[in-house]
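Notes for the one structure printed next.
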Amino acid sequence: MNNQTRCFWCTADPEYTAYHDTEWGQPCYDEHKLFEMLLLEGFQAGLSWITVLKKRARYRQVLFDFDPQKIATMSDEYIEILMQDEQIIRNRLKLKAARKNAQAWLKLNNPVSIIWSFVGGSPQINHFKAHTEIPVMTKSSQEMSKALKKMGFSFVGPTICYAYMQAIGMVMDHTTDCFMYQRCVDKAVV
9 MNNQTRCFWC
19 TADPEYTAYH
29 DTEWGQPCYD
39 EHKLFEMLLL
49 EGFQAGLSWI
59 TVLKKRARYR
69 QVLFDFDPQK
79 IATMSDEYIE
89 ILMQDEQIIR
99 NRLKLKAARK
109 NAQAWLKLNN
119 PVSIIWSFVG
129 GSPQINHFKA
139 HTEIPVMTKS
149 SQEMSKALKK
159 MGFSFVGPTI
169 CYAYMQAIGM
179 VMDHTTDCFM
189 YQRCVDKAVV
């Protein structure tokens, strides 16, 4: 599988390759996974995705396997403890945003439907030939950002929301030369 053509951003790093081949761009309707990815995209702001991906296992440990109930009640003291953990991105604003976002998530009735509503409930299939055609935000990601902020979320700007939409397969942005392109198209057309 290593000789396969992949999206331009996917390096030869085995963790990155596995993420590209098994997660990115594939429709996800699992509430727990949707919450995890929302927080991880927030942690990624201003950094490369590989940085977050390499720290995901540690985030799962220190953020209670992304349990929104537990994250919502993290104390300021616990956040200060996390600020000493070199295995995560030590950013106080992002850690506090994780707590705030967990609190907002818990207030949602049917978060899966709410998240997916920004693309009408089913994946938007794009047919980009080159990575230069892929936008960093869209009208849908701007609408999602505005709505999530209104619901109490933070670190959910339109660019973060678009990256989130790509990651969870709301939009399928594998380029047409990528071997995953057709696989994701087939999965999306159920």
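Our numbering puts the first residue of the sequence shown at 9, with every later residue one more than the last.
Every residue gets a Cβ at the ideal spot worked out from N, C-alpha and C, and that includes glycine.
Nearest candidate by alpha-carbon position, reference residue i, set the options
{"i": "W17", "options": "G160, L116, T183", "result": "T183"}
{"i": "A110", "options": "A171, M45, P131", "result": "M45"}
{"i": "E85", "options": "N11, A65, K104, N134", "result": "K104"}
{"i": "E94", "options": "R66, Q150, T19", "result": "R66"}
{"i": "N118", "options": "S83, H135, D21, H40", "result": "H40"}
Residue i in three-state terms, based on DSSP
{"i": "V127", "result": "helix"}
{"i": "Y24", "result": "helix"}
{"i": "I96", "result": "coil"}
{"i": "M9", "result": "Note that M9 scores a pLDDT of 46, beneath 50, so its modelled location is shaky and nothing firm can be said."}
{"i": "I264", "result": "Limits of the chain in this structure are 9 at one end and 198 at the other, which puts residue 264 out of reach."}
{"i": "M178", "result": "coil"}
{"i": "Q190", "result": "helix"}
{"i": "Q132", "result": "strand"}
{"i": "A53", "result": "coil"}
{"i": "E31", "result": "coil"}
{"i": "W113", "result": "helix"}
{"i": "S162", "result": "coil"}
{"i": "K41", "result": "helix"}
Same chain, Cβ closer than 7 Å to residue i, five either side skipped, listed in chain order
{"i": "T167", "result": "V144, M145"}
{"i": "A112", "result": "M159, G160, F161"}
{"i": "G33", "result": "Q174, G177, M180, D181, H182, M188, C192"}
Cut-off 8 Å between Cβ atoms - residues of its own chain near residue i, not counting five sequence neighbours on either side
{"i": "E31", "result": "A175"}
{"i": "R14", "result": "T25, H28, D29, C186, F187, M188"}
CB of residue i within 7 Å of CB of residue j, strictly
{"i": "Q69", "j": "F187", "result": "no"}
{"i": "M180", "j": "I133", "result": "yes"}
{"i": "L48", "j": "V60", "result": "yes"}
{"i": "S148", "j": "V164", "result": "no"}
{"i": "I58", "j": "Y24", "result": "yes"}
{"i": "F126", "j": "P76", "result": "no"}
{"i": "A155", "j": "P35", "result": "no"}
{"i": "I96", "j": "K63", "result": "yes"}
{"i": "F51", "j": "K102", "result": "yes"}
{"i": "A106", "j": "I123", "result": "no"}
Range of the contiguous alpha helix (DSSP H) that encloses residue i
{"i": "W57", "result": "57-70"}
{"i": "S153", "result": "147-158"}
{"i": "P166", "result": "166-175"}
{"i": "P76", "result": "76-80"}
{"i": "D84", "result": "84-90"}
Close-in-space but distant-in-sequence residues of the same chain around residue i (CB under 6 Å, 5 per side omitted)
{"i": "M9", "result": "Because M9 carries a pLDDT of 46, less than 50, the predicted location of this residue cannot be relied on, and the following value inherits that uncertainty. The answer is none, since no qualifying residue turns up."}
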